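Going left to right, the sequence shown walks through residues 0 to 281 as numbering that gives the first Met the number 0 numbers them. Glycine included, C-beta positions come from ideal geometry on N, C-alpha and C. Owing to the predicted nature of the structure, the values given are computational and were not obtained by experimental measurement. Below: one structure, written as structure tokens.
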Amino acid sequence: MNDLRKIVRSKIKSGSGRTVFWGMQLLPKAKREALYTLFAFVRHLEDVVESPVELAEKQEILSMWRQEMDNIFDRKVPATDIGRRIYKNCMRFKLPKEEFLNLVDSISANIDNPLQAPSLRQLSGYCRGVGGMTGSLSLRVFGCTDEKIIKELSTSLGSALQITNILRNVKEDAQNNRLYIPQELLKKANIAATDPKSVVVDKNLALARQELAAIAVKDYEKVYDILARLDKSTGRPIRLITDLYKRYFDMMEKRGWEIISPKPRISKLCKLGILLRNLFSA
Numbered sequence: 000m001n002d003l004r005k006i007v008r009s010k011i012k013s014g015s016g017r018t019v020f021w022g023m024q025l026l027p028k029a030k031r032e033a034l035y036t037l038f039a040f041v042r043h044l045e046d047v048v049e050s051p052v053e054l055a056e057k058q059e060i061l062s063m064w065r066q067e068m069d070n071i072f073d074r075k076v077p078a079t080d081i082g083r084r085i086y087k088n089c090m091r092f093k094l095p096k097e098e099f100l101n102l103v104d105s106i107s108a109n110i111d112n113p114l115q116a117p118s119l120r121q122l123s124g125y126c127r128g129v130g131g132m133t134g135s136l137s138l139r140v141f142g143c144t145d146e147k148i149i150k151e152l153s154t155s156l157g158s159a160l161q162i163t164n165i166l167r168n169v170k171e172d173a174q175n176n177r178l179y180i181p182q183e184l185l186k187k188a189n190i191a192a193t194d195p196k197s198v199v200v201d202k203n204l205a206l207a208r209q210e211l212a213a214i215a216v217k218d219y220e221k222v223y224d225i226l227a228r229l230d231k232s233t234g235r236p237i238r239l240i241t242d243l244y245k246r247y248f249d250m251m252e253k254r255g256w257e258i259i260s261p262k263p264r265i266s267k268l269c270k271l272g273i274l275l276r277n278l279f280s281a
């Protein structure tokens, strides 16, 4: 963790991620370093969950992180380098301990069994945890102090972005024995199987993806409605992220939900246009 900027940059692989990274460069140093710390922490947790080590070792590491949150917030004496970075870069923004603990719990929720055909309620909780917790913490760094707005925006944003990822990665997830499309939507599309590799080749998959996309459409509408009520400096970074993901979503919708590969790609020129439009919007 000697250079958070390099670590975060090296971990960001997607086109949207790289554009967001460069957009972060224009933030004040304190906010920038706090976001680097948050993103590096999230990536570290994901690496632990996805690593090939034994389940017991993964659980021990995650248990250590729950203890480290006590060290950071209660004892004020972090025991790890990442913990010290969190204490140094994030505490000035009064980030709540509960959100960090929820983040650890959410990312590690499926550590022993990959998620397969969850219920709509389970998917909502997953999106709120994995995407919403990061959004909640980031919003506080950006300067939002209204708890109601933080909750509403992070919930809708987490759902919209995670569903977009699910729709983009349905084939890749199936290869890793994961299936995030809810069982209610599979049933509605007359898909009886819940095995990822069977579902991904089912002729009715497009119908299930379309139903899931309809949920994301409503979430994107909520996100943009809330952003319209935020001041520009607070909402601009979130709008940049939202615009990028919405572009991926629109591309998939336009080409049809029956097409699952290749994943949509946004040109560098288009990404630059989205970035500049957000930076210089009135």
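Collapsing the DSSP output to three states places Leu178 in a strand. Of the candidates Glu257, Lys231, Met90, the residue whose Cα lies closest to the Cα of Asn277 is Lys231. Per the DSSP secondary-structure output, Gln115 pairs in a beta bridge with Leu178. In the DSSP assignment, Phe38 falls within the unbroken alpha helix (DSSP H) covering 28–49.
When the five nearest sequence neighbours on each side are left out, the beta carbons in the same chain lying within less than 6 Å of the beta carbon of Leu119 are those of Pro181, Glu183, in order along the chain. Val47 and Phe99 have their alpha carbons spaced roughly 16 Å apart. With a contact defined as Cβ atoms closer than 8 Å, Leu114 and Gly134 miss out at about 20 Å. CA-to-CA, the gap between Val199 and Asn189 works out to about 13 Å. When the beta-carbon positions are compared, Ser153 and Gly131 come within less than 8 Å of each other.
Counted as a single uninterrupted DSSP element, the alpha helix (DSSP H) harbouring Ile85 occupies residues 80–89. Ranked by Cα distance from Phe72, the first of Gln161, Arg91, Tyr125 is Arg91. Met250 is positioned such that its CB atom lies no closer than 8 Å to that of Pro236.
Taking all protein chains in view, the Cβ of Ile258 is surrounded by fewer than 16 other Cβ atoms within 10 Å, so the residue is classified as exposed. Check the Cα spacing between Ile106 and each of Pro195, Glu45, Arg238, Thr36: the tightest is with Glu45. For Arg228, the secondary structure class from DSSP, reduced to helix, strand or coil, is coil.
With distances taken between CA atoms, Leu211 lies nearest to Ser158 out of Ala173, Lys221, Ser158. Residue burial annotation: Arg254 is exposed, with fewer than 16 other C-beta atoms found within 10 angstroms of its C-beta. Listed in chain order, the non-local C-beta contacts of Leu226 below 8 Å within the same chain comprise Leu152, Gly234, Ile237, Arg238, Thr241, local neighbours out to five positions each way being set aside. Spatial neighbours of Val222 in its own chain (CB-CB distance under 7 Å, excluding positions within 5 residues in sequence) are listed in chain order as Leu152, Ser155, Leu156, Ala159, Thr241.
With at least 16 other beta carbons inside 10 angstroms of its own, Ser137 counts as buried.
With 16 or more other Cβ atoms from the protein chains shown falling within 10 Å of its own Cβ, Arg167 counts as buried.
Secondary structure of Glu257 (DSSP, three-state): coil.
Excluding residues up to 5 positions away in sequence, Ser155, Ser158, Ala159 lie with their Cβ nearer than 6 Å to the Cβ of Asp218 in the same chain.
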